[in-house]
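Residue numbers (this note's numbering): 2 to 356.
Heads up, the beta-carbon is just placed ideally off N, CA and C, and yes, glycines get one too.
Written out below as structure tokens is the structure these notes cover.
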């Protein structure tokens, strides 16, 4: 029993689309090349007459037009995240809950044991392909926190009100897509997105249009939802082995989850309603009291949105970007596995290599 209590409690936060970019190219083969499970994933891709993940990850040079396509990017991100999840030293760390951002919800299903790894690849590959084929609408991201990551609640209300006004205009569709820490992701049709970007004041690289992203988590995905439910049955779904927190902040527990309801949410409301990542992380921290929060790779882009969320609730005494950075230097509580030194803290190999 003493060994159990000595383990650190971790909340896993799985990455979504927009994570596998040129900077991450080559990650999969480096972490999982030659592994049995990647061999299975590659065989499944070959059977579907798609380039294998090993081939895509080894293709030179990185090409956004190829690697950024939904049916390739989504499975690559999942496979990189899966390699990271498998490498966590379970003798030192106990996973107390799992959540994710957007597509990260699908990875969370595998991480929590609600879907087998191969079934998750099937789900992610199918959804990536459907989204890419239909590519209904797009997404624009814009911050509502200040440069120090302190919340500007008045600006947030202004942005949401602006989106609502644009949506009420002629031929414009615009919705909140993802509540992402200190940023809002809007999804809409071209008219709605154009009007939004025209009205938003330029701020560094924002407003930012997300490349090859459809209007995820909006009513524009109704067609994708119908087709996904037709193609993907509920049979592989089961109750998770650890609690999962979804895009509403709802907790799916091992002892109370109805697998049919889990399938219905995953291929239903989750696709066409806003994804509240901010609430999911807050619920994870408040309900499960983790010692650390872990974001699997590839990349570390989700770290900012997660830190901004934690600042909003004063976790670890963080009140702005400076106090977060100072705290991280002293004792990193938010670990991004896409950053090698932070990954090393979580793996048995990394721990032994660093003494």
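Euclidean distance between Cα positions of residue i and residue j
i	j	result
residue 148	residue 329	18 angstroms
residue 313	residue 105	22 angstroms
residue 189	residue 171	13 angstroms
residue 226	residue 217	11 angstroms
residue 288	residue 251	11 angstroms
residue 4	residue 87	Reliability of the predicted coordinates at residue 4 is poor, the pLDDT of 46 falling under 50, and the value obtained from them is presented with this limitation in mind. Whole-angstrom Cα-Cα distance: 20 angstroms.
residue 267	residue 102	13 angstroms
residue 336	residue 315	17 angstroms
residue 269	residue 259	15 angstroms
residue 35	residue 151	45 angstroms
residue 239	residue 108	15 angstroms
residue 261	residue 229	15 angstroms
residue 113	residue 207	34 angstroms
residue 173	residue 200	14 angstroms
residue 153	residue 160	11 angstroms
residue 57	residue 133	17 angstroms
Spatially closest choice to residue i from the options, by CA coordinates
i	options	result
residue 8	347, 34 and 95	95
residue 331	98, 59 and 318	318
residue 168	272, 194 and 146	194
residue 49	19, 122, 202 and 269	122
residue 247	309, 192, 179 and 211	179
residue 64	27, 92 and 282	27
residue 197	294, 232, 233 and 141	141
residue 241	78, 348 and 111	111
Contact check, residue i vs residue j, beta carbons under 8 angstroms
i	j	result
residue 303	residue 99	no
residue 129	residue 71	yes
residue 338	residue 85	yes
residue 76	residue 296	no
residue 22	residue 59	no
residue 306	residue 215	no
residue 25	residue 237	no
residue 224	residue 135	yes
residue 221	residue 274	no
residue 235	residue 253	no
residue 10	residue 321	no
residue 54	residue 39	yes
Residue i - partner residues in DSSP beta bridges
i	result
residue 140	188
residue 245	99 and 253
residue 11	96 and 293
residue 335	294
residue 119	According to DSSP, residue 119 bridges with nothing at all.
residue 209	142
residue 276	179
residue 348	89
Rounded distance between the beta-carbons of residue j and residue i, thought under 8 angstroms
i	j	result
residue 325	residue 181	Not quite, the Cβ-Cβ distance comes to about 16 angstroms (not below 8 angstroms), so this is no contact.
residue 177	residue 145	About 11 angstroms; that fails the 8 angstroms criterion.
residue 286	residue 12	7 angstroms
residue 164	residue 175	5 angstroms
residue 347	residue 90	6 angstroms
residue 127	residue 46	That belief does not hold up - the Cβ atoms of residue 127 and residue 46 are roughly 12 angstroms apart, past 8 angstroms.
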